[in-house]
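Below is one structure, written out as structure tokens, with a few remarks after it.
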Amino acid sequence: MTQRIVLATRNDHKVGELRGILADILGELDLEIVGLSEFPDAPDVIEDGVTFAENATLKARAAAVATGLPALADDSGLAVDVLGGAPGIFSARWAGRHGDDRANYELLLAQMSDVRDEHRGAGFVCAAVLVLPDGRVLVEEGQFRGTLARGARGANGFGYDPILLLADGRTAAELSPEEKNAMSHRGNAFRALSERFRDVFKT
């Protein structure tokens, strides 16, 4: 029988993206990922952890309790080297209003305007968590490194994608969805976590 796993999000796009990233292992182990949109009574979670892993664990634990299913969650953001890892867990509200992507990256570019190119190292960080009904918590982290561009470029992606410059000269927002999934912090974190699925979801 297919084992369902809930992803702690109501964003169906994120559910579909993760199904694509993990397609091989899901097929091998007869697993199905569903979103919280199937569980309207599941509570919203206050993300008051101080690390990506803590916030992801809060979300996954709440989803596991609400649904009785194994639960996946992730939390991610941009970490700039010379800023000591900031914006970090505050990435989504760096400019003060949650989710205003353009305001967030424009403020960051302004703050970094005097920093020379060789000191503009940055990367996306993602913590992916699986919480099991027996209380076990598995955590893996993924990164997606580059440097901060001088301006925004690209129409794909979201968040800070338009300002993370990759080694090939493109920004993360200029990658196709398939290219991004193959190298992104979220893809890397969930692929690492999925390596442990065989031990957890024995058929």
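Residue numbers for the sequence shown follow my numbering, beginning at 48 and rising by one.
Here a beta-carbon is modelled for each residue, glycine too, at the ideal position from N, C-alpha and C.
Bear in mind the structure is a predicted one, so any value in this text is a computation, not a measurement.
Reduced DSSP secondary structure (H/G/I, E/B, other) of residue i
i      : result
ARG243 : coil
LEU116 : coil
PRO134 : strand
ASP147 : coil
THR56  : coil
VAL62  : helix
THR98  : coil
THR49  : coil
LEU76  : helix
LEU69  : coil
LEU179 : coil
Straight-line Cα distance separating residue j from residue i
i      : j      : result
ASN203 : GLY170 : 17 Å
VAL162 : SER123 : 24 Å
GLU75  : LYS227 : 23 Å
ALA174 : PRO134 : 15 Å
PHE111 : ASP164 : According to the sequence as given, residue 111 is Ala; it is not Phe. The alpha-carbon atoms of ALA111 and ASP164 are separated by roughly 44 Å.
ALA118 : ASP148 : 27 Å
ALA113 : ASP59  : 18 Å
LYS61  : VAL176 : 15 Å
ASP95  : ASN151 : 20 Å
ALA229 : TRP141 : 27 Å
THR218 : LEU211 : 5 Å
THR98  : THR104 : 10 Å
ARG108 : VAL184 : 9 Å
SER160 : GLY216 : 19 Å
GLY189 : ASP121 : 11 Å
GLU64  : PRO209 : 19 Å
ASP181 : ILE93  : 23 Å
Residues sharing a beta bridge with residue i, DSSP
i      : result
ALA169 : VAL127, GLY193
GLY82  : LEU54
ASP122 : ALA174
LEU105 : Per DSSP, none; premise fails for LEU105.
GLU187 : ALA175
Integer-rounded CB distance, given that residue j should sit under 8 Å from residue i
i      : j      : result
ALA205 : ASN235 : According to the sequence as given, residue 205 is Phe; it is not Ala. That pair is no contact at about 18 Å.
ILE68  : ASN102 : About 20 Å; that fails the 8 Å criterion.
ALA220 : ARG200 : 7 Å
GLY82  : THR56  : 6 Å
Residue i at chain B interface by Cβ criterion, 8 Å
i     : result
ASP95 : Protein chain content of the structure displayed is limited to a single chain, and chain B is not contained in it.
Go through the region 203 to 246 residue by residue and report every complete run of the alpha helix (DSSP H) that reaches 4 residues or more, in order.
-> 224 to 230, 232 to 241
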